[in-house]
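A.B. asks:
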Amino acid sequence: MADKHAQKLNRLLRVRTLQLNLTRAGEAAANAKLDSEAQLAARIQRLAENVAPRENDGGFAADLAAAAYYRDRLHASAVAAETRRAMAEAGVERARDATREARRDQSAIEKLIVRAEAQVALKDLRAMEDAPHFKRNRHTSC
Numbered sequence: 009m010a011d012k013h014a015q016k017l018n019r020l021l022r023v024r025t026l027q028l029n030l031t032r033a034g035e036a037a038a039n040a041k042l043d044s045e046a047q048l049a050a051r052i053q054r055l056a057e058n059v060a061p062r063e064n065d066g067g068f069a070a071d072l073a074a075a076a077y078y079r080d081r082l083h084a085s086a087v088a089a090e091t092r093r094a095m096a097e098a099g100v101e102r103a104r105d106a107t108r109e110a111r112r113d114q115s116a117i118e119k120l121i122v123r124a125e126a127q128v129a130l131k132d133l134r135a136m137e138d139a140p141h142f143k144r145n146r147h148t149s150c
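The opening residue of the sequence shown carries number 9 in this note's numbering; numbering runs sequentially from there.
#1: Helix, strand or coil for R144 per DSSP?
#2: Please report the Cβ distance between E118 and L21, rounded to the nearest whole angstrom; I am assuming they are in contact, meaning their Cβ atoms lie under 8 Å.
#3: Buried or exposed for R24, please, with buried defined as at least 16 other CB atoms from any protein chain shown within 10 angstroms of its CB.
#4: So, helix, strand or coil for A33, using DSSP?
#5: Under the assumption that A86 contacts I121 (Cβ atoms under 8 Å), give the Cβ distance between them as a whole number of angstroms.
#6: With the cut-off set at 8 Å, would you say A124 and L17 are in Cβ contact?
#7: Measure from the alpha carbon of R161 to the alpha carbon of each residue in R19, E35, Q15 and L55, then state which is nearest.
#8: For a test of the three-state rule: what should DSSP assign to A86, helix, strand or coil?
#9: Measure how close the beta-carbons of T31 and A103 come, nearest whole angstrom, since I'm counting them as under 8 Å.
#10: Quick one: grab the DSSP three-state call for A60.
Set out below in structure tokens:
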């Protein structure tokens with residue numbers, strides 16, 4: 009019976025370890041997505057700064073209109089990028105929570121295994137204590 013219980017706990021540990029590794033991979037992917045979104049937002053910000061009107065810009069009206077249109081499009085992209093970044097941050101938090109829960113589940117199984125091993129060792133120790141004592145005569149009659 010104890011062997012089946014140990015097999016069951018080992019199987020559960022393998023499953024929980026696999027789940028933990030998958031959630032860690034998901035957390036890494038969420039962090040990568042957050043970094044990507046932050047880089048995109050920074051790139052859009054730099055583009056918007058390059059298109060911003062300057063004092064000594066004495067260009068044609070068509071150029072000014074095109075720059076204004078481009079700035080408007082960049083502003084819309086910046087708002088969308090900020091929204092995606094906020095969603096990526098929320099995804100990172102969810103992934104961290106999932107990793108924390110998976111680690112807690114795995115450590116609970118590890119504790120159950122340690123407890124089961126301690127119970128088996130205690131049972132073996134009690135069996136040895138209850139075993140009959142044999143008195144040995146180490147010396148033959150002289």
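Yeah, the Cβ is synthetic: ideal placement off N, Cα and C, and Gly gets one too. Predicted model only: the values in this text are computed from it and were never measured.
C.D. replies: Looking at the coordinates:
#1: Numbered from its first residue, the sequence shown carries residue 144 at position 136. R144 falls in the coil class under three-state DSSP.
#2: In the sequence shown, the residue the question calls residue 118 occupies position 110. In the sequence shown, the residue the question calls residue 21 occupies position 13. Right, their Cβ atoms sit about 7 Å apart.
#3: Your numbering for residue 24 matches position 16 in the sequence shown. Burial call: buried.
#4: Your numbering for residue 33 matches position 25 in the sequence shown. Here A33 sits in helix by DSSP.
#5: Stepping through the sequence shown from its first residue, residue 86 is reached at position 78. Stepping through the sequence shown from its first residue, residue 121 is reached at position 113. That belief does not hold up - the Cβ atoms of A86 and I121 are roughly 52 Å apart, past 8 Å.
#6: The residue given as residue 124 occupies position 116 in the sequence shown. The residue given as residue 17 occupies position 9 in the sequence shown. It is a contact, given that the beta carbons lie within the stated cut-off.
#7: Since the first residue of the chain shown is 9 and the last is 150, residue 161 is not available in this structure.
#8: Counting from 1 along the sequence shown, the entry for residue 86 is found at position 78. In this structure, A86 counts as helix in the three-state DSSP scheme.
#9: In the sequence shown, the residue the question calls residue 31 occupies position 23. In the sequence shown, the residue the question calls residue 103 occupies position 95. Right, the Cβ-Cβ distance comes to about 7 Å (below 8 Å), so this counts as a contact.
#10: Locating residue 60 in the sequence shown gives position 52, where the first residue counts as 1. The answer is coil: DSSP assigns A60 none of H, G, I, E or B.
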